[in-house]
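In what follows, a single structure is set out as structure tokens and then discussed.
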Amino acid sequence: MKASLPTRIREMFRRWRARRRITTASPAAGQFVRLDSREQRLKKSLLKKLNSYWAQKKMVVRESYGSERRGGVKWRSSLLVVCLVLAAVVFVTGKGPGGLLGLLESIDYFRLAAIDVRGCHAASEQRVRSAAGVSVNTSLITIDTERIASAVVAADRWIKDVTIARHWPDRLVIKVREYRPYALITMADQDGNRLAYLDRDGTPFLQTDAGMDLDYPAVTGLEQEVDDERRRESLREPLSFLHLVGANNPNLPAQSVSELHVDEEEGLVVYLVEHPFPIFFGSGEIRQKYIRLRQVLEVLYKPRKSGMDIARVAYIRMNYLQDKVIVGYRES
1 MKASLPTRIR EMFRRWRARR RITTASPAAG QFVRLDSREQ RLKKSLLKKL
51 NSYWAQKKMV VRESYGSERR GGVKWRSSLL VVCLVLAAVV FVTGKGPGGL
101 LGLLESIDYF RLAAIDVRGC HAASEQRVRS AAGVSVNTSL ITIDTERIAS
151 AVVAADRWIK DVTIARHWPD RLVIKVREYR PYALITMADQ DGNRLAYLDR
201 DGTPFLQTDA GMDLDYPAVT GLEQEVDDER RRESLREPLS FLHLVGANNP
251 NLPAQSVSEL HVDEEEGLVV YLVEHPFPIF FGSGEIRQKY IRLRQVLEVL
301 YKPRKSGMDI ARVAYIRMNY LQDKVIVGYR ES
């Protein structure tokens, strides 16, 4: 018996190791169920604790304006804690990146508490909010900023472009940049010619209506131009002239310009508010012609006993030969 004892012990140990290998390689179905159940409980418990923690933290941060600013400085470290915890959950549950995104969406800390709209003057702030289609309590992580920007620009003709910014952890800022009227332009539509606002880049952006401010110089002669690039090129010299008169020289201030007509043969033709005669600029050398026109008007505005009198002027031709100006008079 003494000789057979080690043999029996070795045999028992061999059987025990064999049963252990079988159990490890082929677990029962019930073991998977218990494992999944444990993972779910772990996930729910962590999310519940996180949501409770961040809800308390937000309340503390917002107790006063000063504490809100101090709390804003620390949100990055708080976010790092969240990411580390969620990474641990993903590692345990084995859900991968898709599971991480789902977990982030579930955290109340990243739900919108405020939507700020900035830069609206002529545009409607209410229309901007409606077009954005985002409400409080939406997860800041899932917001599609490109879609919001496109929708807001399309919602109001005063809006030139929009910038969407996430202010973590719970604020969305919509910054609006509006068009600014620089002139008027006549454009053809199905009811005839209509006036539209023109920005300084040469973009018509809004048809005018009754009650709107029309105290701007009007660009005419391009009603039939449907190509945006060709129209923009044709507007280059009229807009250059308006930029020059923006210096408000006393003999040619910006408010004295009534109309800038673009003619295929004559080029640019300028009309003043107080005087009906045309001023033929032609094409090219707009700055030099503008300087000469100021000098001519300075002479015409001076009171004289006889000779040059602006009340008798029929036209001014700035493109008469090289560096020459001709002033035509009506017969008395």
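Sequential numbering of the sequence shown, starting at 1, is according to UniProt numbering. C-beta: ideal position from N, C-alpha, C; glycine also. Please read these numbers as outputs of a predicted model, since none were measured by experiment.
What residue range is occupied by the uninterrupted beta strand (DSSP E) comprising SER234?
Note, SER234: premise wrong, no beta strand (DSSP E); alpha helix (DSSP H) at 228-234.
Given that a residue counts as buried once 16 or more other Cβ atoms are within 10 Å of its Cβ, and exposed if not, what is LEU172?
Burial call: buried.
Consult DSSP for ARG147 and reduce its assignment to one of helix, strand or coil.
In the three-state DSSP reduction, ARG147 falls in the helix class (H, G or I).
Which two residues bound the contiguous beta strand (DSSP E) that contains ASN194?
Residue identity differs from the one stated: residue 194 is Arg in this sequence, not Asn. Counting along the chain, the beta strand (DSSP E) containing ARG194 begins and ends at 192-198.
Name the DSSP bridge partner or partners of PHE280?
Partner(s): VAL269 and ARG317.
I'd like the list of long-range same chain contacts for THR163, defined as Cβ closer than 7 Å, with 5 residues on each side in sequence excluded.
Closer than 7 Å at Cβ, skipping near neighbours: LYS175.
Can you check DSSP and say which residues form a bridge with MET187?
Residue pairing by DSSP places MET187 opposite ARG194 in a beta bridge.
Measure the alpha-carbon distance for ARG304 versus SER234 and round it to whole angstroms.
Distance from the CA atom of ARG304 to the CA atom of SER234, rounded to whole angstroms, is 39 Å.
Under a three-way DSSP split, which group does THR163 fall into?
Strand, per DSSP.
What is the DSSP secondary structure of THR220, counted as helix, strand or coil?
The answer is strand: DSSP assigns THR220 an E or B state.
Could you check whether ILE279 and VAL273 sit closer than 7 Å to each other, using their CB atoms as the reference points?
At least 7 Å separates the beta-carbon of VAL273 from that of ILE279.
Please go through the same chain and pick out, in chain order, the residues whose beta-carbon is closer than 8 Å to the beta-carbon of TYR320, but skip the five residues on each side of it.
Taken in chain order, the residues that qualify are ILE326.
Closer than 8 Å by C-beta to ALA29: which residues in its own chain qualify, once you throw out the five before and the five after it? Chain order, please.
Because ALA29 sits at a pLDDT of 46, beneath the cut-off of 50, its placement in the model cannot be relied upon, and the point is left open.
Smallest Cα separation from HIS243: which of LYS302, LEU222, SER283 and ALA183?
Among LYS302, LEU222, SER283 and ALA183, the Cα nearest to that of HIS243 is on ALA183.
LEU242 by DSSP, collapsed to three states: which one?
Note: LEU242 maps to helix in three-state DSSP.
So, under 8 Å CB-CB, LEU222 and ILE185 are touching, yes? Tell me the CB distance rounded to an integer number of Å.
About 7 Å separates the CB atoms of LEU222 and ILE185; that is less than 8 Å, so the two are in contact.
In the DSSP assignment, find the unbroken alpha helix (DSSP H) run with SER130 in it and report its ends.
If you look at SER130, you'll find it in the alpha helix (DSSP H) that goes 125-132.
Output the distance between the C-alpha atoms of ASN248 and PHE277, rounded to the nearest integer angstrom.
Looking at the two C-alpha atoms, the distance is approximately 21 Å.
Rounded to the nearest angstrom, what separates LYS302 and LEU252 at their Cα positions?
In a straight line, the C-alpha of LYS302 is about 14 Å away from that of LEU252.
Considering VAL136, what are the terminal residues of the alpha helix (DSSP H) in which it resides?
It is not in any alpha helix (DSSP H) - VAL136 carries neither H nor E in the DSSP assignment.
Is there contact here, the stretch 143-152 with the stretch 194-212, by at least three beta-carbon pairs under 8 Å?
Segments in contact, no.
Cβ shell of SER139 (< 7 Å), same chain only, five flanking positions each side left out
Around SER139, the same chain offers GLU105, PHE110 and ARG111 as residues with beta carbons nearer than 7 Å, after the five sequence neighbours per side are excluded.
Check each candidate in GLU259, GLY282 and VAL134 and name the one with the smallest Cα separation from ASP170.
The option with the nearest alpha carbon to ASP170 is VAL134.
Cα-Cα, which of ASP189, GLU265 and GLU259 is closest to GLU225?
Looking from the CA of GLU225, the closest CA among ASP189, GLU265 and GLU259 belongs to ASP189.
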